[in-house]
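All you need for my numbering is the position in the sequence shown, starting with 1, plus 36.
The C-beta atom is built at its ideal place from N, Cα and C for all residues, glycine as well.
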Amino acid sequence: MGSASEHNGITLADVKDSFTLERYLEQANVFIGTIGAIQHNRQHSELVSFLAYDILSTLGFPTRLAELAAIAGYLHDIGNVVNRYGHGMSGAIIVFEELLDQGMDPEEVAIIVAAIGNHEEHAQGESVNPVAAAVILADKSDVHQSRVRKVEEAAFTPRDRVNYAAKEAALLVDPDQRSIRLRLHIDTRYCSVMEYFEIFLTKMLMCKRAAEFLHCHFELLINEVKLL
Ligand SMILES: [Fe+2]
Ligand SMILES: [Fe+2]
37 MGSASEHNGI
47 TLADVKDSFT
57 LERYLEQANV
67 FIGTIGAIQH
77 NRQHSELVSF
87 LAYDILSTLG
97 FPTRLAELAA
107 IAGYLHDIGN
117 VVNRYGHGMS
127 GAIIVFEELL
137 DQGMDPEEVA
147 IIVAAIGNHE
157 EHAQGESVNP
167 VAAAVILADK
177 SDVHQSRVRK
187 VEEAAFTPRD
197 RVNYAAKEAA
207 LLVDPDQRSI
217 RLRLHIDTRY
227 CSVMEYFEIF
237 LTKMLMCKRA
247 AEFLHCHFEL
257 LINEVKLL
């Protein structure tokens with residue numbers, strides 16, 4: 037194993053060049069598609085990556101830390117290739133091995149695997165570092181009707197219905213006000229504002245804690261109604 041000086045600054049572009057990681061990401065989305073789970077496609081990976089980077093850079097964190105958030109955001113759902121349940125944990129192990137092989141500094145690998153392993157609310161995910169907080173906020177704000185695969189509304193789960201109702205979602209970071217605002221527009225024919233809040237309560241509380249970890253307050257606006 038090499039010394040710290042031999043480690044290179046792996047970028048998001050290097051990660052995207054990895055044949056292995058790209059295949060796993062692709063297959064993960066195919067596999068969970070067979071059980072009707074919402075889309076976890078390239079668009080989701082790219083959006084979470086971009087938002088996670090944007091949150092940390094806008095709040096003035098070092099550029100390298102924002103780059104690590106971009107990598108963690110891009111890879112956060114890779115564990116779905118193993119199983120939908122516990123995909124944060126399995127994803128962290130896959131990424132851990134691959135990034136070390138690519139020569140990433142173990143301290144940076146640690147930050148990324150902790151973020152991936154802590155992004156799921158069902159697996160007691162917590163904001164254990166700024167990258168983890170950024171990935172949580174970025175991931176939970178990707179709510180959109182284009183993510184729903186099912187065609188038959190009768191087969192919708194509550195999560196499908198909430199996503200199907202979401203026509204627009206925007207995450208706005210204000211470094212001066214130290215606020216992170218999730219602004220959603222939902223079609224109330226499919227889901228009421230209160231239903232959204234009820235169904236996504238755990239996710240939204242996770243976002244609130246993530247924002248607080250970054251010394252910001254979290255605001256949730258649905259159809260211009262302030263819920264948090
Ligand atoms: Fe996930
Ligand atoms: Fe995700």
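By DSSP, does residue i sit in helix, in strand, or in coil?
i, result
"Phe254", "strand"
"Ser215", "strand"
"Asp50", "helix"
"Asp113", "coil"
"Asp210", "strand"
"Pro142", "helix"
"Ala246", "helix"
"Tyr121", "coil"
"Val198", "helix"
"Pro166", "helix"
"Ser228", "coil"
"Asn44", "coil"
"Val99", "Sequence check: residue 99 is Thr here, not Val. Here Thr99 sits in helix by DSSP."
"Lys186", "coil"
"Leu264", "coil"
"Thr70", "coil"
"Gln79", "helix"
"Gly236", "The sequence given here has Phe at residue 236, not Gly. Phe236 falls in the coil class under three-state DSSP."
"Glu134", "helix"
Within a Cβ cutoff of 7 Å, which residues of the same chain sit near residue i, ignoring the five residues on either side of it in sequence?
i, result
"Asp50", "Gln138"
"Val131", "Leu111, Ile114, Ile148, Val149, Ile152"
"Asn44", "Gly139"
"Glu162", "Asn154"
"Ser215", "Cys252, His253, Glu255"
"Arg185", "Gly69, Gly72, Ile74, Gln75"
"Lys244", "Phe254, Leu264"
"Ala159", "Gly122, Gly124, Met125"
What does the alpha-carbon distance come out to for the pair residue i and residue j?
i, j, result
"Gln79", "Asp175", "12 Å"
"Arg197", "Tyr226", "6 Å"
"Phe67", "Asp212", "43 Å"
"Glu103", "Ser54", "17 Å"
"Tyr121", "Ala201", "25 Å"
"Val164", "Val171", "11 Å"
"Asn116", "Arg183", "16 Å"
"Asn65", "Asp210", "33 Å"
"Gly96", "Val179", "26 Å"
"Ala169", "Glu204", "22 Å"
"Arg195", "Ala146", "31 Å"
"Ala246", "Glu82", "20 Å"
"Leu241", "Leu92", "20 Å"
"Tyr60", "Gly127", "10 Å"
"Leu101", "Ser85", "12 Å"
"Gln181", "Arg217", "20 Å"
"Glu62", "Asn119", "14 Å"
Whose C-beta lies closer than 8 Å to the C-beta of residue i among residues of the same chain, with five residues either side of it excluded?
i, result
"Ile46", "Ile107, Leu135, Gln138, Gly139, Met140, Glu144"
"Val229", "Ile222, Ile258, Asn259, Val261, Leu263"
"His239", "Note on identity: in this sequence residue 239 is Lys, with His being the wrong assignment. For Lys239, where only same-chain residues beyond five positions count, the Cβ hits under 8 Å are Glu157, Lys176."
"Pro166", "Leu92, Phe97, Leu101, Ala105, Phe249, Leu250"
From the DSSP output, read off the bridge partner residues of residue i.
i, result
"His180", "Answer is none; His180 lacks a bridge partner."
"Leu220", "Ala205, Ile258"
"Asp175", "Answer is none; Asp175 lacks a bridge partner."
Suppose the cutoff is 6 Å on Cβ atoms and the five residues either side in sequence are ignored; what does the same chain contact list for residue i look like?
i, result
"Leu87", "Ala174, Leu207"
"Thr94", "Val209, Pro211"
Environment of ligand 2 in chain order, Cβ to heavy atom below 5 Å: Asp113, Asp175
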